[in-house]
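A.B. asks: Just dropping this structure here.
Below, the structure written as structure tokens:
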């Protein structure tokens with residue numbers, strides 16, 4: 001390992017530096033101690049003045065994402081620079097030591113372009129490089145800490161560690177897959193999509209509910225080995241390429257076990273794979289402090305929902321499409337109401353996150369453990385509160401309703417577009433209408449919308465035509481300030497970072513119960529709940545736009561215009 005003061009000038013993988021010892025120049029203070037950021041900035045400014053170069057204030061520095069991606073991350077890390085802009089045929093870069101002419105000359109030859117040098121503080125340059133997701137992957141890839149260990153699960157459920165670690169001479173395909181998984185974890189991805197196209201293999205990450213390219217397209221000839229490696233990890237049949245296959249595997253990284261679910265499906269150009277990431281331990285740490293108020297629900301809906309989850313019995317229904325945060329909402333509700341005096345039992349497919357103090361049962365349909373059968377067994381375990389992961393059939397619905405009528409508080413989810421569709425969904429399952437409305441406390445429908453990145457948030461122009469299309473007041477184009485994300489390093493250029501919930505909450509008042517029992521049309525029920533003050537999903541979404549938390553384009557993706 002090269003000492004920190006030595007210049008690393010080669011670009012071979014074997015000489016990758018340790019992240020804790022990157023060759024970044026340190027500017028000593030007169031007392032001989034490490035300079036503070038303010039001192040570094042002042043020294044860099046003096047250095048720029050002395051050599052008549054431009055000084056770049058990294059605090060106000062706006063990174064050109066396209067330019068940044070065009071230069072290999074390991075080159076930037078090794079030579080300690082960030083690209084600033086294009087100036088004709090020259091590339092303007094920010095360095096901390098403009099006197100190192102040997103390094104600049106070597107870099108100029110390596111990049112094959114003329115360089116213009118500007119000066120910035122070393123620690124600020126290093127911090128910007130370490131923020132980059134691709135750079136972070138290269139850093140970790142270069143150290144021994146990047147070791148993924150494949151775990152297998154035997155029939156008894158005991159985990160046994162297989163001897164498979166990353167070393168310098170492993171297969172490039174194995175290293176590619178492991179690097180892809182590692183980068184996905186770093187970028188908070190929920191899924192990895194590997195798509196085989198007619199001329200290339202494309203890898204994408206789903207981050208905050210939206211697909212983003214993970215890397216440049218890979219040559220089509222590597223499609224077979226990539227899919228085969230994933231099948232081996234998930235213990236699938238590598239010879240079978242004509243039918244879909246599902247599997248799972250576990251990886252241990254830095255002492256933490258992460259679950260992955262794999263789905264491989266034949267397509268027109270080969271096979272496609274999707275890997276779902278279930279980082280249980282990471283989420284469990286968040287769930288220690290998880291409460292409903294941090295999910296982003298509006299205050300009025302939150303107050304009413306908290307009232308219903310504290311009722312002694314009845315059914316609390318949460319609805320929405322796949323990936324809309326239903327499970328997270330139910331876990332947050334259970335976290336708020338759990339106590340040592342109550343027994344809470346859940347039945348799920350699968351148990352996505354583990355909560356202390358709660359009995360959690362995973363569905364196993366191969367062994368005959370279905371929602372309905374598991375729910376019957378739960379009722380013999382003297383529970384106070386029950387969570388059913390999803391109601392899929394009439395039998396499960398009937399047992400859940402009976403449980404709510406016999407003194408249990410039941411939390412469950414069902415797939416429907418809004419709160420009114422839920423009512424028709426249950427009644428069409430053949431459930432007795434009187435029992436259903438008697439058991440039901442409330443129905444919460446929710447969606448997730450992306451939040452504007454706070455680091456690159458800026459005002460934007462919205463036209464009257466756009467507001468009319470969104471069924472909003474056109475005059476807001478002149479009287480209200482709308483915002484968007486410009487795209488920065490923190491949000492990987494998307495302009496969004498993180499998500500929040502929008503919702504609609506239906507209270508089962510006596511009037512609404514009577515209308516359901518009378519099988520009144522949904523249009524009449526909708527009119528009645530509006531008169532009672534219910535705010536619909538679209539209205540909740542619009543309020544988020546007006547408060548500057550998300551964009552008009554984002555809410556149009558997840559809600560209908562009334």
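In full-length UniProt numbering, the protein residues as written are 1 to 562. We put the CB at the ideal spot given by N, CA and C, even for glycine.
1) For residue 323, which residues of its own chain have a beta-carbon under 8 Å away from its beta-carbon, when the five flanking residues on both sides are left out?
2) Express the C-alpha separation of residue 343 and residue 513 in angstroms, rounding to a whole number.
3) With DSSP as the reference, label residue 509 as helix, strand or coil.
4) Look at the Cβ atom of residue 61, then the Cβ atom of residue 82, and state whether they are nearer than 9 Å.
5) Name the DSSP beta bridge partners of residue 63, please?
6) Assign residue 99 to one of two classes, buried (16 or more other C-beta atoms within 10 Å of its C-beta) or exposed (fewer than that).
7) Taking residue 308 as the reference, which of 444, 525, 490 and 520 has the closest Cα?
8) Does the separation of the CB atoms of residue 388 and residue 410 fall below 9 Å?
9) Ends of the alpha helix (DSSP H) at residue 45?
10) Run through DSSP, which three-state label would residue 424 get?
11) Quick check: the stretch 461-470 against the stretch 541-556, are there 3 or more CB pairs under 8 Å?
12) Using a Cβ-Cβ cut-off of 6 Å (strictly less than) and excluding sequence neighbours within five positions of residue 51, which residues of its own chain qualify?
13) Please determine, among 76, 546, 492 and 499, the residue with the shortest C-alpha to C-alpha distance to residue 65.
14) Taking residue 440 and residue 508 to be in contact with their CB atoms under 8 Å, please state how far apart those CB atoms are, rounded to whole angstroms.
15) Within 10 angstroms of the Cβ of residue 567, are there 16 or more other Cβ atoms? Answer buried if so, exposed if not.
16) Quick check: what's the CA-CA separation for residue 121 versus residue 178?
17) By the three-class DSSP mapping on this structure, what secondary structure does residue 145 have?
18) Could I get the ranges of all uninterrupted alpha helix (DSSP H) runs contained in the stretch 314-379, with 4 residues as the minimum, in chain order?
19) What is the DSSP secondary structure of residue 241, reduced to helix, strand or coil?
20) Do residue 538 and residue 494 have their CB atoms nearer than 9 Å?
21) Assuming residue 107 and residue 79 make a contact with CB atoms under 8 Å, what is their CB distance in whole Å?
22) With residue 196 and residue 223 assumed to form a contact (beta carbons below 8 Å), what rounded beta-carbon distance in angstroms separates them?
23) Use the C-beta contact count for residue 544: other C-beta atoms within 10 angstroms, 16 or more gives buried, fewer gives exposed.
24) Assuming contact is defined by CB atoms lying nearer than 9 Å, are residue 427 and residue 399 in contact in what I supplied?
25) Look up residue 412 in the DSSP assignment and give the residues it is bridged to.
26) Assuming residue 227 contacts residue 183 (C-beta within less than 8 Å), just tell me the rounded distance between them.
27) Tell me which residues share the same chain as residue 477 and place their Cβ nearer than 7 Å to its Cβ, disregarding the 5 neighbours each side in the sequence.
28) Taking residue 73 as the reference, give the member of 105, 390, 111 and 41 with the closest Cα.
29) Relative to the C-alpha of residue 371, which residue among 311, 397 and 200 is closest?
30) Measure the alpha-carbon distance for residue 363 versus residue 333 and round it to whole angstroms.
31) What number of angstroms, rounded off, separates the C-alpha of residue 375 from the C-alpha of residue 540?
32) Which of the three DSSP states is assigned to residue 501 in this structure?
33) If you draw a straight line from the C-alpha of residue 401 to the C-alpha of residue 69, how long is it?
34) Could you have a look at residue 111 and say whether DSSP puts it in helix, strand or coil?
35) Determine whether the beta carbon atoms of residue 551 and residue 484 lie at a separation below 9 Å.
36) Tell me which residues share the same chain as residue 361 and place their Cβ nearer than 6 Å to its Cβ, disregarding the 5 neighbours each side in the sequence.
C.D. replies: Walking through what the data contain:
1) Closer than 8 Å at Cβ, skipping near neighbours: 190, 209 and 448.
2) Residue 513 and residue 343: Cα-Cα distance of roughly 30 Å.
3) For residue 509, the three-state secondary structure derived from DSSP is coil.
4) Yes. Within cutoff.
5) Paired residue(s): none; residue 63 is not in a bridge.
6) Exposed is the call here.
7) Comparing Cα-Cα distances from residue 308 to each of 444, 525, 490 and 520, the minimum goes to 444.
8) When the beta-carbon positions are compared, residue 388 and residue 410 come within less than 9 Å of each other.
9) 37-50 is the span of the alpha helix (DSSP H), which, as asked, contains residue 45.
10) Correct three-state label for residue 424: helix.
11) The stretch 461-470 makes contact with the stretch 541-556: 3 or more CB pairs, one atom from each, lie closer than 8 Å.
12) Around residue 51: 98.
13) The candidate whose alpha carbon is nearest that of residue 65 is 492.
14) Right, the Cβ-Cβ distance comes to about 5 Å (below 8 Å), so this counts as a contact.
15) What is shown of the chain runs 1 to 562, which leaves residue 567 out entirely.
16) Their Cα atoms are separated by approximately 34 Å.
17) Interpretation of residue 145 is limited by its pLDDT of 37, a score under 50 that renders its predicted location unreliable; the figure taken from the coordinates is listed afterwards. In the structure shown, residue 145 sits in coil (DSSP, three-state: anything other than H, G, I, E or B).
18) For the stretch 314-379, whole alpha helix (DSSP H) runs of length 4 or above, ordered along the chain, are 326-337 and 371-379.
19) For residue 241, the secondary structure class from DSSP, reduced to helix, strand or coil, is coil.
20) In this structure, residue 538 keeps its C-beta atom at 9 Å or more from the C-beta atom of residue 494.
21) That pair is a contact at about 5 Å.
22) 5 Å between Cβ atoms; contact.
23) Burial call: buried.
24) No, Cβ-Cβ distance for residue 427 and residue 399 is not below 9 Å.
25) Answer is 317 and 388.
26) About 19 Å separates the Cβ atoms of residue 227 and residue 183, ruling out a contact at the 8 Å cut-off.
27) Correct list, in chain order: 462, 463, 464 and 467.
28) Of all alpha-carbon atoms in 105, 390, 111 and 41, the one lying nearest the alpha-carbon of residue 73 is that of 111.
29) Closest by alpha carbon: 397.
30) When rounded, the separation of the alpha-carbon atoms in residue 363 and residue 333 is 21 Å.
31) When rounded, the separation of the alpha-carbon atoms in residue 375 and residue 540 is 34 Å.
32) Three-state DSSP puts residue 501 in a strand.
33) For the pair residue 401 and residue 69, the Cα-to-Cα distance works out to about 55 Å.
34) Three-state result, residue 111: helix.
35) Residue 551 is a Cβ neighbour of residue 484, given a cutoff of 9 Å.
36) Excluding residues up to 5 positions away in sequence, 347 and 374 lie with their Cβ nearer than 6 Å to the Cβ of residue 361 in the same chain.
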